[in-house]
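All remarks here apply to the structure that follows.
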Amino acid sequence: MSVSRDGWCALEDIYYFLFAPTLCYEVNFPRNERIRKRFLLRRISEFFFLVGIIIGAIQQWIVPTVKNSLKPIQDMDFARGLERLMKLAVPNHLIWLLFFYAIFHSGLNVVAEILKFGDRTFYRDWWNAPNVGYFWQNWNIPVHRWARRFVFCHYYTASLYPMLKSGYSSIQAQIAVFLLSALFHELLVSVPLRLFRLWAFLAMLSQVPLHLFVKNFLGSYPNYGNVVVWLSIILGQPLAILSYFHDYYVSTGSLSQ
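Heads up, the sequence shown is in numbering that gives the first Met the number 0, so the first residue is 0 and it goes up one at a time.
Take a look at the structure:
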């Protein structure tokens, strides 16, 4: 990366940052010397193969299950609704894992390899998370680094005033990060559906008390904490899907819009 004498970065640096798999600008990004063609072809093949599986699974498994869940939800049939939730949890979790691998391992590595971007830490071992906080800190490293730099705490001189430097506690800063994340999650769902129901927002905010519960009561039992993390992933997502599906159908009266 090149920087001009007056301290302004060159235009090519801005373009590189826009396409690089990172949300935090650096004057000198770590760079590789060459593009590994075999590695790049493997990641591209993985990406398109997994996308095909995900699309097929959604069409053949998720959509029929969700449609069949409408009547039990409308009739307030708790037993059948729970059965549909469990039936949806299996394919949804499989698709979520495939989506994670396709994006964070295959997709981001494709972009990084083309740009010779050296930092490939896009995720860490979130599957071993002993608590909810560890999961959110390690499953999406680019976003976590952005939150730490611009919301939670800042290690560089800037015009921003992150929360810890402004006198807020660590818990308050964590809640602010979850609030911001909840807002973005809600926008990602509400805008395409043109439906404002706050299910995604509330789901994200529920991670705060869940994190405090696991940390305070299961802190000495990391295996039990890991079970809670996986249960929140496996059951929370299909519950949100069914909630939005029901509200979308009620608001539009049709599934074809």
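Don't be surprised by glycine CBs; every beta carbon is placed ideally from N, CA and C. The model shown is predicted, which means the values in this text are computed figures rather than measured ones.
TODO: Could you name the residues of the same chain whose beta carbon sits closer than 7 Å to that of G235, not counting the 5 residues immediately before and after it, in chain order?
DONE: For G235, same chain residues with a beta-carbon under 7 Å away, outside a window of 5 residues either side, are A202 in chain order.
- [ ] State yes or no: is the C-beta of A101 within less than 9 Å of the C-beta of I53?
- [x] At the C-beta level, A101 and I53 come within 9 Å of one another.
- [ ] Classify Y14 as buried or exposed, calling it buried when 16 or more other Cβ atoms lie within 10 Å of its own Cβ.
- [x] Taking a 10 Å sphere around the C-beta of Y14, we find fewer than 16 other C-beta atoms and assign the residue as exposed.
TODO: Return the CA-CA distance between T156 and Y247, expressed in angstroms with no decimal places.
DONE: With a pLDDT of 44 at T156, under the threshold of 50, the predicted position of this residue should be treated as unreliable, though the coordinate-derived value follows. Taking the straight line joining both Cα atoms gives about 46 Å.
Task: C-beta atoms of N139 and F103 nearer than 9 Å - done: Yes, the pair counts as a contact, with Cβ atoms nearer than the cut-off.
- [ ] Please determine if the segment 200-215 and the segment 172-189 are in contact, where contact requires at least 3 C-beta pairs separated by less than 8 Å.
- [x] The answer is yes - the segment 172-189 touches the segment 200-215, with three or more Cβ pairs under 8 Å.
TODO: Return yes when the Cβ of I61 is within less than 9 Å of the Cβ of P90, no when it is not.
DONE: Cβ distance < 9 Å, so P90 and I61 count as in contact.
- [ ] Please confirm whether V176 and V150 have their CB atoms less than 9 Å apart.
- [x] Going by C-beta atoms, V176 is nearer than 9 Å to V150.
Open item on the list: In this structure, how does DSSP classify S116 when only helix, strand and coil are distinguished?
Closed with: Strictly speaking, residue 116 in this sequence is Phe, with Ser absent from that position. DSSP places F116 in strand when its eight states are reduced to three.
Open item on the list: In this structure, how does DSSP classify R30 when only helix, strand and coil are distinguished?
Closed with: If DSSP states are grouped into helix, strand and coil, R30 belongs with the strands.
TODO: Assuming L209 contacts S242 (C-beta within less than 8 Å), just tell me the rounded distance between them.
DONE: Not a contact, Cβ separation roughly 18 Å.
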